[in-house]
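Before any comments, here is the structure.
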Amino acid sequence: MKMKHLKMQKKESTGIQDIIGESKYVDNEKIVIYTIKEKSNVGVGTATLTQKDQKIRWYFNGNPAIIKPSKGNTDITSEITTPKGVKYDFYAGTSTKSNMTIETRTDTKVVPHIDKEYDIYYYLSPVPRN
864 MKMKHLKMQK KESTGIQDII GESKYVDNEK IVIYTIKEKS NVGVGTATLT QKDQKIRWYF
924 NGNPAIIKPS KGNTDITSEI TTPKGVKYDF YAGTSTKSNM TIETRTDTKV VPHIDKEYDI
984 YYYLSPVPRN
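The numbering of the sequence shown is my numbering, which starts it at 864 and goes up by one.
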């Protein structure tokens, strides 16, 4: 998918400030990570983009979460499910240092992606199938 499509979707979706990350396509689905800004608060959310017959649809994976309120910081962990039923763990929060690590369901000392503009980290991990 071209960045042009992502920018177009961003304009059509109210509240989205920036798209800060994206996964690779898996079975014609791609997860995007976006930021929102509400007054002095910063939050993150995810959406799934699906592609079929050269058409792209945008599905929000639940509501975004505020991770940088005006006072204090919050770390979040949530499980998201794509329209095709693929599950991911999503981790996000305020970055504490440039070489920080987080613990996930399957690993310790995982290095998340850090968005320097918003000073937040995020990490998307497929949920292991039983």
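We treat Cβ as the ideally placed atom computed from N, Cα and C, and that holds for glycine.
Could you check which residue in the options has the C-alpha nearest to that of residue i?
{"i": "residue 952", "options": "987, 898, 878 and 881", "result": "987"}
{"i": "residue 919", "options": "903, 937 and 892", "result": "892"}
{"i": "residue 969", "options": "926, 884 and 992", "result": "992"}
{"i": "residue 922", "options": "962, 886, 887 and 895", "result": "895"}
{"i": "residue 939", "options": "933, 971, 908 and 879", "result": "908"}
By the 10 Å Cβ neighbour count, where 16 or more other Cβ atoms means buried, how is residue i classified, buried or exposed?
{"i": "residue 898", "result": "buried"}
{"i": "residue 959", "result": "exposed"}
{"i": "residue 889", "result": "exposed"}
{"i": "residue 981", "result": "buried"}
{"i": "residue 924", "result": "buried"}
Among residues of its own chain, excluding the 5 on either side of residue i, which ones have a beta-carbon nearer than 8 Å to its beta-carbon?
{"i": "residue 967", "result": "952, 954, 973, 986 and 988"}
{"i": "residue 906", "result": "898, 899, 900, 927, 928, 929, 930 and 931"}
{"i": "residue 884", "result": "895, 896, 976, 978, 985 and 987"}
Within the continuous beta strand (DSSP E) that includes residue i, where are the two ends?
{"i": "residue 914", "result": "904 to 915"}
{"i": "residue 879", "result": "879 to 885"}
{"i": "residue 952", "result": "950 to 957"}
{"i": "residue 973", "result": "Note, residue 973: premise wrong, no beta strand (DSSP E); not H, not E."}
Within its chain, find whatever has a CB closer than 7 Å to the CB of residue i; leave out the 5 residues flanking it on each side and keep chain order.
{"i": "residue 944", "result": "950"}
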